[in-house]
Amino acid sequence: MTSAAAPIEDSKSLVITRTLNAPRALIWKMFSDPYHLAQWWGPKGFTNRVEKLDFRTGGSWLHVMIGPDGRELPTDNVILEVKEPERIVYRNAPADPKLFGDNPPPAFTKTLTFVDDGHGRTLLKLVCTFDTEEHKERIARRGFVLGTNESFDKLEDYLRTK
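26 is the number of the first residue of the sequence shown in the working numbering; add one for each residue after it.
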């Protein structure tokens, strides 16, 4: 079992945790395999297309979230660190900020940790680190926490099929 201090939220960070009823190796696969990632990623009502996943430190990930209205929102990510099966760090940015008009989401760094609880469950921790307090506030206003929790709900549903 990997131990990890509980992340603390502050003015430039946001923390979301979820205990998933599946072993860490399976949860890792849900994030590292483009087929599985495409099955659950994105808020309720959204589908997802993984265009590219070069899953390694220094790699990249390009996906397109498709809204209920059919609008496509491509997002490009630089993968800063992959430490299987414990940690993924990446930084996102809209692949085409013009698609968001005068309100593109700010880029920020996401750190995902996968902690085996020793009983077949995994504690998933997402720590988002923003460049400024204003960026954090903008992401919060966009519904990021709700959307991320909806995405994790979809992951839980998908895991029941595995």
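Glycine is no exception: its CB is placed at the ideal position from the N, C-alpha and C atoms.
Determine the direct distance from the alpha carbon of residue j to that of residue i, and round the result to whole angstroms.
i, j, result
"Glu-34", "Arg-185", "30 Å"
"Ala-29", "Phe-139", "Below a pLDDT of 50, predicted positions are generally treated as unreliable, and Ala-29, at 47, falls in that range; the measurement from the model is reported next regardless. Each residue's Cα considered, the two are about 10 Å apart."
"Lys-135", "His-144", "26 Å"
"Asp-101", "Lys-187", "28 Å"
"Pro-99", "Val-89", "4 Å"
"Asp-121", "Thr-42", "29 Å"
"Gly-83", "Ile-104", "5 Å"
"Arg-166", "Pro-110", "32 Å"
Considering only the alpha carbon of each residue, which of the options lies closest to residue i?
i, options, result
"Asp-142", "Arg-116, Ala-47, Lys-37, Leu-39", "Ala-47"
"Arg-74", "Gly-84, Asp-58, Arg-81", "Asp-58"
"Val-170", "Leu-124, Val-107, Leu-151", "Leu-151"
Pick helix, strand or coil for residue i, following the three-state DSSP scheme.
i, result
"Lys-77", "strand"
"Trp-86", "strand"
"Asp-178", "helix"
"Thr-147", "strand"
"Ser-36", "coil"
"Arg-49", "helix"
Considering only the beta carbon of each residue, do residue i and residue j sit closer than 8 Å?
i, j, result
"Gly-131", "Ile-91", "Per the sequence shown, the amino acid found at residue 131 is Pro instead of Gly. Result no, Cβ atoms of Pro-131 and Ile-91 do not sit closer than 8 Å."
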